[in-house]
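Asks: Just dropping this structure here.
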Amino acid sequence: MHGHEHAHPVPGNETSAIDAQDPICGMTVKADSPHQLHYAGKTYRFCSEKCQSKFKTAPERYVESARTTPASPTLVVSDTWYTCPMHPEVRQPGPGNCPKCGMTLEPVLPELEQAENPELRDFSRRFWWTLPLTVIVTLLAMGGHALNLFHGATQNWVELVIASPVVLWAGWPFYVRGVRSVILRSPNMWTLIGLGTSAAYLYSVMATLVPAAFPANFMMEGRIGVYFEAAAVIISLTLLGQMLELKARSQTSAAIKSLLGLAPRTARRINTDDSEEDIPLSHVHPGDRLRVRPGEKVPVDGLVLQGESAVDESMLTGEPIPVLKRAGEPLIGATLNTHGSLVMQAQKVGSATVLAQIVQMVVQAQRSKAPMQRLADVIAGYFVLVVIAIALLTLFGWGFWGPSPGWVFGLINAVAVLIIACPCALGLATPMSVMVASGKAAGSGVLFRDAAAIENLRRIDTLIVDKTGTLTVGRPAFQGIEAAPGFSADEVLRLAASLDQGSEHPLAHAIVEQARSRGLALSETEEFESASGIGVRGRVEGRRLLLGNTALLDEAGVSSEALRMRAEQLRSEGASIMYLAVDDTAAGLLAVADPIKPTSRQAVQRLQAVGVRVIMATGDGPTTARAVGRQLGIDEVHGEVRPQDKERLVASLQQAGRRVAMAGDGINDAPALARADVGIAMGTGTDVAMNSAQVTLVKGDLLGILRARSLSMATVRNMHQNLTFAFVYNAMGIPLAAGLFYPLTGHLLSPMVAALAMSVSSASVVFNALRLRKASLDGQVRHT
């Protein structure tokens, strides 16, 4: 075909940085999409290989279509991005309809004070204005002949006049979507509704206008039987079903709205002259001093400078007991100061705050697709075409072999098949569960990155945990120094602290704070280097320093035999030991003790009780690791483990058939977090760890894993319920609508009853998903 030779893949350096619209389906496509073609001097991007191939077969057709087709009035560009609840990959700036399923797009991030859904308002207006007409035409059809209100064909004309506003005006949005689905070659529920109602309506119009064109056996009581009431009732019931579904779907974003509502609108800033003023939250900058009075919310993330108070963090962490905050303690924005006055320094504002990141992660999880949905998508892709084929078989089967008038029965049954088989319930089965579950989890201090994490967590049978910051508090306290001959304790501490100034590790902070508390003057570090989770290297005052565990010294060939006996004694008490070597000579050791979190033992016991194998893997020495393991009841302990060793441990367990989760909080945990089936990061840890994980525990408490696991089980059970209902509903509804049970029962399914069943099915899936809001997250498996 002419033009094919001009459509070719676009080299990467020709790609524009601006998002484009797929000329086939109308979806917004990112600039870095791998599906691109160059045609007639312009670059076209596509959402998938399928659309790209379709364009390549006849590019001029789609380019011309794009030129002549006016833009939809609903595709108004705005600052708000919209997405499809059934197809989260569909995104566009401004409202509209999904090019795949025809559903109305909804905001990715709901607004706190969002006005009434415009589609809900439009559907409600169409429904209530035409409901009296639907009732009247239905009563006429059912009892008009008995009352002798009209004679012969007159009743057909009356029903035509009454039903037409319902079908043509109230049902207009459905026909627009149905036509669009055909144009885009993406058949969906609106294709079926459009075919079903238009078939019933057009047949009835023809029977009214040209009754002589029909066979004599179609004549009943002096007129051709019409089905205006069926078309009108289907439209009204579909509108009602959409209204119920839209209202229910709006409740799935309640969790995000509640999170958005946590942030205060203003902050009280202390100026440089110590005067105070209330300013909008958007005017707060890092470094500002802020006052938080009793009963006020903490405006942004920061650090306490002065004062002491208990802060209620339950709205973000799920922890019901207020946490005492003193000078130097961190504060999370949107938490509640209970009684004391605090002066804080702002550190993270805007999108960098914990609250903003929580909202972003919840949105990301809600708008992701669960692996379980893939089966439903594959089925739905062929489902509509199969249903149309069944409807045609129903029409011709009744027409040729059914009792008189067979073609009338065939038409009505075919319409019933088209209506009852709408796949909306199938498409909503898992997205609604994911939306509700991710919002529920966020309120309990658990953040899922995506739907796959929600679905996979329940399968975990092995949990690898880091020690520092995961099982322990992560803020170690300095315990003691042991200097080698020729070195003093203060000299060992001063050199170690000088080297550790460049490290973010909690053990390093304890050493630096101890040196400063003793008034030791620290020197600048040169050539600082982190040694892969076993320590650090660098130069201080021209001397080459090593600070780390035994593996670091062994790697450098430094002997530390004289210090090892004392080190073993301290490790047996649970202390972490770091050796200091100066110019390849062991200079001493430093002991730092990291207290175990109060909830760690309970969490380990409860995880083991539900069949999860708990393994500790830490960079600390084996003796220290075993001492902590004994206190927590963990039998399998790996000490002096490097980041690559943790990753290999995860891989070896996976090869043995285990489903592995990794829980950690540091940069050195990132490779294992990424490799694990489910990575779990402590919200108190580093950004690198949280970016590598699929689940984040805001409070950094392992009990959160139990809450997350319980919710995972409840959510997957809810998905199964929804999918089972959708499959069973269609498996039973289609044969019933086709009239296969007529020889046994002597009854046929009215298209009006089919419409009611279709509407109820979609709404019931959403309401079933909403039950997850009441699911128990106490770590026990309960039915929802």
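UniProt numbering puts the last residue of the sequence shown at 784; the count rises by one with no breaks.
Yeah, the Cβ is synthetic: ideal placement off N, Cα and C, and Gly gets one too.
None of the values given here were measured: they were computed from a predicted structure.
Grouping DSSP H, G and I as helix and E and B as strand, with all else coil, what is Pro23?
Replies: Three-state result, Pro23: coil.
Asks: Under the three-state reduction of DSSP, which class applies to Asn768: helix, strand or coil?
Replies: Helix.
Asks: Between Glu119 and Thr104, what straight-line distance do the alpha-carbon atoms span, to the nearest angstrom?
Replies: Distance between the alpha carbons of Glu119 and Thr104: 8 Å.
Asks: In the DSSP assignment, find the unbroken beta strand (DSSP E) run with Tyr82 in it and report its ends.
Replies: Its beta strand (DSSP E) spans residues Trp81 to Thr83.
Asks: I'd like the list of long-range same chain contacts for Leu673, defined as Cβ closer than 8 Å, with 5 residues on each side in sequence excluded.
Replies: Around Leu673: Met662, Gly664, Gly679, Ile680, Ala681, Ala689, Ser692 and Ala693.
Asks: In whole angstroms, what separates the C-alpha of Ala451 from that of Val434?
Replies: Between Ala451 and Val434, the C-alpha separation is close to 6 Å.
Asks: Are the region 710-726 and the region 434-447 in contact at 8 Å, needing three or more beta carbon pairs?
Replies: Yes, the region 710-726 touches the region 434-447.
Asks: Give the DSSP bridge partners of Val678, in chain order.
Replies: DSSP lists Ala661 as partners of Val678.
Asks: Count the other CB atoms within 10 Å of the CB of Trp128; is the residue buried (16 or more) or exposed (fewer)?
Replies: Trp128 is exposed by the Cβ-count criterion.
Asks: Between Asp677 and the rest of its own chain, which residues show a CB-CB distance below 8 Å, the 5 nearest in sequence each way excluded?
Replies: Closer than 8 Å at the Cβ level, and outside the excluded window around Asp677, lie Asn456, Arg459, Ile460, Gln654, Arg659, Val660 and Ala661.
Asks: How long is the line joining the alpha carbons of Val604 and Gly633, rounded to whole angstroms?
Replies: Near 7 Å, if we compare the C-alpha coordinates of Gly633 and Val604.
Asks: Report back the beta-carbon spacing between Ala587 and Phe487 to the nearest angstrom; my notes put them in contact at under 8 Å.
Replies: Going by Cβ atoms, the distance from Ala587 to Phe487 rounds to 5 Å, so yes, they are a contact pair.
Asks: Counting along the chain, where does the alpha helix (DSSP H) carrying residue 858 start and finish?
Replies: With the chain represented from 1 up to 784, any question about residue 858 goes unanswered, as that position is not in the structure.
Asks: Using C-beta distances below 7 Å, list every residue in its chain close to Arg675, excluding the 5 sequence neighbours before and after it, in chain order.
Replies: If we look at Arg675 and ignore the five residues flanking it on each side, its Cβ neighbours are Glu647, Val650 and Ala651.
Asks: May I ask you to list the residues that DSSP assigns as paired with Ala617?
Replies: According to DSSP, Ala617 bridges with His638.
Asks: Return helix, strand or coil for Tyr742, following the three-state DSSP convention.
Replies: Correct three-state label for Tyr742: helix.
Asks: Roughly how many angstroms separate the alpha carbons of Asp594 and Thr468, rounded to a whole number?
Replies: For Asp594 and Thr468, the distance between alpha carbons rounds to 7 Å.
Asks: Could you tell me the distance, in whole angstroms, from the CA atom of Ser517 to the CA atom of Ala575?
Replies: Computed Cα separation, rounded: 20 Å.
Asks: DSSP puts Asp301 in a beta bridge; with which residues?
Replies: Lys348, per the DSSP bridge assignment.
Asks: Can you check the region 571-600 for any beta strand (DSSP E) of at least 3 residues that lies completely inside it and give the ranges in chain order?
Replies: Taking only runs of at least 3 residues, the beta strand (DSSP E) segments lying wholly in the region 571-600 are 575-582 and 585-593.
Asks: Might you give, ordered along the chain, the residues of its own chain that have their beta carbon closer than 8 Å to the beta carbon of Gly410, omitting 5 neighbours on each side?
Replies: Answer for Gly410: Thr394, Leu395, Phe396, Gly397, Trp398, Gly399 and Gly402, listed in chain order.
Asks: Can you tell me where the alpha helix (DSSP H) with Ile419 in it begins and where it stops?
Replies: Segment Gly406 to Ile420, the alpha helix (DSSP H) holding Ile419.
Asks: Work out the CA separation of Ile577 and His505 for me, nearest whole Å.
Replies: Cα-Cα distance, rounded: 14 Å.
Asks: Cutting at 7 Å between CB atoms, please list the residues of its own chain near Gln721, excluding the five before and the five after it.
Replies: Asn768, listed in sequence order.
Asks: Which same chain residues, not among the five before or five after Ile332, have their C-beta less than 7 Å away from its C-beta?
Replies: So the list reads Val298, Asp301, Glu313, Leu316 and Val354, once near-sequence residues are dropped.
Asks: Tell whether a beta-carbon distance below 8 Å holds between Met243 and Gly102.
Replies: Cβ atoms of Met243 and Gly102: not closer than 8 Å.
Asks: Taking C-beta to C-beta, are Ser498 and Leu522 nearer than 8 Å?
Replies: Yes, these two residues count as a Cβ contact at 8 Å.
Asks: Three or more C-beta pairs under 8 Å: does that hold for the region 380-389 against the region 186-202?
Replies: Touching, per the Cβ criterion.
Asks: By how many angstroms is the C-alpha of Ala153 removed from the C-alpha of Thr74?
Replies: Legend: pLDDT at Thr74 = 30, less than 50; position of this residue unreliable, value from coordinates given subsequently. Rounded to whole angstroms, Thr74 to Ala153 spans 42 Å at the Cα level.
Asks: Where does Pro280 fall in DSSP's three states?
Replies: In the structure shown, Pro280 sits in a strand (DSSP, three-state: E or B).
Asks: From the DSSP secondary-structure annotation, give me the bridge partner or partners of Glu106.
Replies: Per DSSP, Thr83.
Asks: Examine the Cβ distances between the region 155-174 and the region 265-274 and report whether three or more of them are shorter than 8 Å.
Replies: Output reads no: the region 265-274 does not touch the region 155-174.
Asks: Below 8 Å on the Cβ atoms is my contact criterion, and I expect Ala416 with Ile358 to pass it. Report the Cβ-Cβ distance as a whole number of Å.
Replies: Not quite, the Cβ-Cβ distance comes to about 47 Å (not below 8 Å), so this is no contact.
Asks: Using DSSP bridges, identify the partner residues of Arg564.
Replies: Arg564 pairs with nothing; no bridge assigned.
Asks: Please return the same chain residues whose Cβ sits closer than 6 Å to the Cβ of Gln780, not counting the five positions on each side in sequence.
Replies: Caution applies to Gln780, whose pLDDT of 42 falls short of 50 and renders its modelled position unreliable; the value that the coordinates give is listed next. Cβ within range, chain order: n/a, list empty.
Asks: Which residue wins for smallest C-alpha separation from Lys348, given the options Val176, Asp122 and His285?
Replies: For the residues Val176, Asp122 and His285, the minimum Cα distance to Lys348 belongs to His285.
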